[in-house]
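*Asks:* In mature numbering (1 follows the signal peptide of the UniProt record, and there is no 0), the protein residues as written are -24 to -1, 1 to 206. The beta-carbon is built from N, C-alpha and C at its ideal position, and this holds for glycine as well.
(1) Who are residue 112's beta bridge partners in DSSP?
(2) Can at least three beta-carbon pairs, one atom from the stretch 164 to 184 and one from the stretch 18 to 36, be found at a separation below 8 Å?
(3) State the beta-bridge partners of residue 176 as determined by DSSP.
(4) Note down the Cα distance separating residue 144 from residue 59, rounded to an integer number of angstroms.
(5) Straight-line CA distance for residue 68 to residue 87?
(6) Looking at C-beta atoms only, is the number of pairs between the stretch 146 to 156 and the stretch 73 to 81 that lie closer than 8 Å three or more?
(7) Please classify residue 115 as buried or exposed, where buried requires at least 16 neighbouring CB atoms within 10 angstroms.
(8) Identify, in the order they occur along the chain, each residue of the same chain with its Cβ nearer than 8 Å to the Cβ of residue 118, setting aside the five sequence neighbours on each side.
(9) Of all the options 103, 43, 157, 57, which has the alpha carbon lying nearest to the alpha carbon of residue 190?
(10) Would you kindly report the start and end of the unbroken alpha helix (DSSP H) that includes residue 89?
(11) Residue -10 to residue 5, Cα distance in whole Å?
(12) Going by the CB atoms, is the gap between residue 162 and residue 83 shorter than 8 Å?
(13) Name the residue from 141, 45, 155 whose alpha carbon lies nearest to the alpha carbon of residue 200.
(14) Could you check the C-alpha separation between residue 80 and residue 113 for me, to the nearest Å?
(15) Look up residue 146 in the DSSP assignment and say whether it is helix, strand or coil.
(16) Going by DSSP, name the residue or residues bridged to residue 44.
(17) Taking all protein chains shown into account, do 16 or more other C-beta atoms lie within 10 angstroms of the C-beta of residue 17, making it buried, or fewer, making it exposed?
Rendered as structure tokens:
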């Protein structure tokens, strides 16, 4: 009888362990990444305005917003591991490159650690089956190096000069240069002009290779959008 009792307890413990393992597996389960870059001129040219980082005004270039795990149905995981806190020492060797390519324009002015902490906790912890913290930020930096979005647009005659450009022309220029259809998001300035704000490209679950997006975000843009100076 006692042996039978212990056998039941052992089986229950095994079931409990397997349920925890399965739960952990689903936390890191996703279909692709959105790699999102923002135009700083559009971020600043709103009623909210912006604050330059403590390192000074960023370069007039697209900056990384984030590398976000997503599902094909349009939903996404977030804040997947409350025990995985942001540790700035793990990215100390990337700090200067992050300040250049992954800057923050949020107020008040900062070095960027609060922004990077938010990106890691909300999005990065959902990709821990692929990356640790250092690898996550390093992957974003490497992805940015593969395509120079600003140069791609300039080559197509689309410049940050406060002029208006057809949204279709912007999308076509990026697709022709990269081979992939981008997602484009816009914001609105104080004069209610639709502005080119963010460009989405999709990345496979390894976080290294660009792919055609399984799903594009809905474009909240007019057919003609302003490309503001910065």
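*Replies:* In this structure, then:
(1) Residue mapping note: residue 112 aligns to position 136 of the chain shown, counting from 1. For residue 112, which the question treats as bridged, DSSP gives no partner whatsoever.
(2) Contact between the stretch 164 to 184 and the stretch 18 to 36 is present, because at least three Cβ pairs lie under 8 Å.
(3) Position 200 of the chain shown, counted from the first residue, corresponds to residue 176. 12, 159.
(4) On the chain shown, residue 144 is found 168 positions in, with the first residue counted as 1. On the chain shown, residue 59 is found 83 positions in, with the first residue counted as 1. Their backbone Cα atoms lie some 44 Å apart in a straight line.
(5) Here residue 68 refers to the residue found at position 92 when the chain shown is read from its first residue. Here residue 87 refers to the residue found at position 111 when the chain shown is read from its first residue. Roughly 12 Å between the two C-alpha positions.
(6) Flag = no, the stretch 146 to 156 and the stretch 73 to 81 do not touch.
(7) Your numbering for residue 115 matches position 139 in the chain shown. Under this definition residue 115 is a buried residue.
(8) Against the chain shown, residue 118 aligns to sequence position 142. Its chain contains 184 as the residues whose beta carbon lies nearer than 8 Å to that of residue 118, once the 5 sequence neighbours on both sides are disregarded; these appear in chain order.
(9) Locating residue 190 in the chain shown gives position 214, where the first residue counts as 1. With distances taken between Cα atoms, residue 190 lies closest to 157.
(10) As a working mapping, residue 89 is identified with position 113 in the chain shown. Residue range 89 to 98 is occupied by the alpha helix (DSSP H) that includes residue 89.
(11) Translated into positions along the chain shown, residue -10 becomes position 15. Translated into positions along the chain shown, residue 5 becomes position 29. Residue confidence for residue -10 is low, a pLDDT of 41 falling below 50, so the modelled location carries little weight and cannot support an answer.
(12) Counting from one through the chain shown, the residue named residue 83 turns up at place 107. Counting from one through the chain shown, the residue named residue 162 turns up at place 186. In this structure, residue 162 does not lie closer than 8 Å to residue 83 by Cβ.
(13) As a working note, residue 200 is residue 224 in the chain shown. Taking each of 141, 45, 155 in turn and checking the Cα distance to residue 200, the smallest one comes out for 141.
(14) By 1-based counting over the chain shown, the position of residue 80 is 104. By 1-based counting over the chain shown, the position of residue 113 is 137. Our two residues, residue 80 and residue 113, have alpha carbons roughly 14 Å apart in a direct line.
(15) Taking the first residue of the chain shown as position 1, residue 146 is located at position 170. Reduced to three states, the DSSP call for residue 146 is helix.
(16) As a working mapping, residue 44 is identified with position 68 in the chain shown. 10, per the DSSP bridge assignment.
(17) Here the question's residue 17 lines up with position 41 in the chain shown. Result: buried.
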